Every structure is written in structure tokens, then in C-alpha cells.
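Position one of the sequence shown corresponds to residue 36 (the numbering used here), numbered consecutively onward.
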Amino acid sequence: MSDSISRVVVITGGSRGIGRSIALKFSEENPKIVIIHYDEDESDSEKTLNELSLRGLKAVSYRIDVSFFDAMDKLFGNIISEFGRIDVLINNAGIIRDKLLMLLSEEDWDRVLRVNLQGVFNCTKAAIRSMIRQKKGHIVNISSVVGQIGNIGQANYCASKAGIMGFTKSIAREVAGRGINVNAVAPGFIDTGMTAALPEKVREKFRQQIPKGRFGRPEDIAEAVYWLCSDAAGYITGQIIHVNGGLYM
Ligand SMILES: NC(=O)c1ccc[n+]([C@@H]2O[C@H](COP(=O)([O-])OP(=O)(O)OC[C@H]3O[C@@H](n4cnc5c(N)ncnc54)[C@H](O)[C@@H]3O)[C@@H](O)[C@H]2O)c1
């Protein structure tokens, strides 16, 4: 991509899993990568930074909670001061706190909505100033297939991921005329730390429902995200791209 050299790419949740794969995919074009995560320690983010460094990239990582508006406003202000611009924002940070509604506490509801949905609002609002000035930018929000079809025990998570779909379409309409594309990718069942904790019996039940017969890999999501941020996808905005092996059609 001719005009993508040294794009400034911010990836929330970029320390591991899908976010790490997205960072590694972007490394192919030699960008400046900023990772935001909220892991207990820096081991996963250091691993990602090392992998990027082996590919000749000097990336930076911040351990900070995306759910705080003021903190994100300040962080993105610092990123813009340091790098001069933000070209790509991938809102990928997400958590689960699965429980049946009867057992779901207000705190479980609030925390998942705050990280998964308000986090997307906080980062988008903070990044979009730079994109509007540049008259160019790409935002990809990571939703989920269950935001579309629902799932038992995930009312908080599904609500947050469905919220991301509505947010994506609204902002896409608001900024389409300013050269900014806003899309969402809705992964199906992807092999990461988030899904590793499930018992094998549950994983097998999910596997049987996937026409492609396997779970997705983080790279499957990274490919779609990267393509959405390329010139080839320039006429695509406000879309939810499902990457799920046929689980939902
Ligand atoms: N794995 C799947 O099957 C699957 C399916 C559909 C959607 N998703 C979505 O994809 C995204 C990535 O999932 P994953 O499987 O790679 O998860 P993961 O648990 O492996 O990684 C989550 C990332 O989000 C970061 N994060 C969590 N809370 C944060 C906070 N408050 N502030 C900043 N960063 C925070 C973590 O530090 C980590 O970097 C999530 O939004 C998830 O909901 C995953």
C-alpha cells in the first residue's frame, strides 16, 4: 500500500490473542504501532513488542484501562503529540464475565459494558479528532457473533457487542464524508486465552456447530481487519464483517 508507509496504528487489547495477531499483520507495512492493554503484568505485551522488534519495528505499549474517559483522552493526546497523527484505530480490548441473568450482578453488567462498549466510545472519540484533521482514517471495532445471535450466560457481553454494531454504523454515517471508514469485525469462536478456559465438552459442542469444522485462529481475524484498513476496502464503511467459519450466515 503506497500511502500506508509508517501509518500510526493504535490497537487496544494488543498484548495477546487477536490484538497481537492484528499488530503482527500490520507489521508487514512498517507502521508505528501503539498497543494498549490492561493485563496484570507486562509479560504478554513484552512478548508482542519483542516479536515486532524481530520484524524491525519499534512499537510502544501502555498498560491502561480503556474504560476511563479522561485517561483515554489524555493518552491519545500524548500519542498524537508524539507521533503527529493517528491513522488506524482498532478497538479490540474486551472481557467476559459470563453468568446466567439470575446470577449476573450489577457489577458484572457494568464492568463488561464499561470495558467493551464505553472503551470503544472513549478511544474513538479521542482518536477521531486527528483523523478529521487528516481527512483520512480507519476505525475497526471488534464485535462478536454473539452480539448478533445472543448466547446463554452472556447477556452483558452480547449487549456490549451488539452495542458496538450500532455505534459502528452511527459513527460511520457521521464521518463518511470526512474520509474516515468505520467498520466492525464480528469473530466467531477464536482460539485465544479468552476461550481456552472453556471445558473441552463445551468447546466440542461449539465446534460441531461450525460449518468449517474448526475454531478460528487470531490470524483469520487479523486478515479481515487489515484488509478493511487498506485502500482496497476504501468504499466499505458501516459494515459488520462476520468471520466465523459459517457459524452465523
Ligand atoms: N476469542 C474469541 O473467540 C472472540 C470471539 C468474538 C469476539 N472476540 C473479541 O475479540 C477481542 C479480543 O479477544 P481475545 O480473545 O484476543 O481476548 P484476550 O483475553 O486474549 O485479550 C484481551 C485483550 O484486551 C485487553 N483488555 C482487557 N480489558 C482491558 C481494559 N479494561 N483496558 C485495556 N485493555 C484491556 C487485555 O489486556 C488483552 O490485551 C475482544 O473484544 C473479544 O470480545 C473474541
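Where a beta carbon is used, it is the ideal one built from N, C-alpha and C, also for glycine.
Being a predicted model, the structure only gives us computed values, none of them experimental.
Under a 10 Å Cβ-count criterion, Ser265 is classified as exposed, with fewer than 16 other Cβ atoms of the shown protein chains found around its own Cβ. Of the candidates Ser96, Asn65 and Glu64, Ser96 places its Cα closest to the Cα of Ser78. In the structure shown, Val101 falls within a coil segment according to DSSP collapsed to helix, strand and coil.
Rounded to the nearest whole angstrom, the C-alpha separation of Ile99 and Leu152 is 16 Å. With a cut-off of 6 Å, the C-beta of Asn127 is classified as near ligand 1, since at least one heavy atom of the ligand falls inside that distance. The C-beta distance from Ala128 to Leu87 rounds to 18 Å, too long to fall under 8 Å, and the pair is not in contact. Every alpha helix (DSSP H) of 4 residues or more that sits fully in the segment 40-83 is shown, in chain order, as 52-61. A straight-line Cα-Cα distance of about 30 Å links Glu81 and His277. For Gly182, the enclosing alpha helix (DSSP H) has its first and last residue at Val180 to Ile184. The C-beta of Gly281 has fewer than 16 other C-beta atoms within 10 Å across all chains shown, which makes the residue exposed.
Residue pairing for Ile276: DSSP places it in a beta bridge opposite Val220. Here Pro253 is buried. Its C-beta has 16 or more other C-beta atoms within 10 Å.
Here the alpha carbons of Ile130 and Arg55 stand approximately 15 Å from one another. Straight-line measurement puts the Cα of Arg120 at about 8 Å from the Cα of Ile114. For ligand 1, no non-hydrogen atom lies closer than 6 Å to the CB of Asp108.
Within the same chain, and ignoring the five residues on either side of Thr159 in sequence, the residues whose Cβ sits closer than 7 Å to its Cβ are Leu124, Asn126, Ile174 and Ile206.
Linking Leu110 to Ile46 through their CA atoms gives a straight-line distance of about 13 Å.
Across the set Gly154, Val217 and Leu84, the C-alpha of Leu84 shows the shortest separation from the C-alpha of Lys67. Taken from the Cβ of Val150, at least one heavy atom of ligand 1 lies inside 6 Å. For Ile256, the uninterrupted alpha helix (DSSP H) segment begins and ends at Pro253 to Leu263.
In the structure shown, Asn176 falls within a strand segment according to DSSP collapsed to helix, strand and coil.
Under DSSP, the beta-bridge partners assigned to Leu124 are Val45 and Ile174.
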